[in-house]
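What follows is one structure encoded as structure tokens, with my remarks underneath.
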Amino acid sequence: MTEYQPVILTAAEIQNIEARAHEMRAQAMADALRSLGRGLSFLFRKLSSLLLHPRAA
10 MTEYQPVILT AAEIQNIEAR AHEMRAQAMA DALRSLGRGL SFLFRKLSSL
60 LLHPRAA
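Residue 10 is where the sequence shown starts when you use the working numbering, and the numbers rise one by one after that.
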């Protein structure tokens with residue numbers, strides 16, 4: 010087989026590739042949402058600490 014010949018996949022192989030891609034997208038979305046949640050949590054803590062504990066002059 011040369012590099013220019015197409016690879017013929019079976020239906021099962023295509024389904025496995027699609028399932029893995031779906032799993033990878035779900036993991037990426039979970040990581041992104043987790044990161045966003047951490048960032049928002051940090052922001053809220055920072056703002057609340059600034060408001061609740063004013064600095065002495």
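Ideal Cβ positions, reconstructed from N, Cα and C, are used throughout, including at glycine.
Query	Result
Rounded to a whole number of angstroms, what is the C-alpha to C-alpha distance between L8 and Q24?	Only positions 10 to 66 of the chain appear in this structure, which leaves residue 8 out of reach.
Would you kindly report the start and end of the unbroken alpha helix (DSSP H) that includes R64?	Note, R64: premise wrong, no alpha helix (DSSP H); not H, not E.
What three-state label does DSSP hand I17 in the structure shown?	coil
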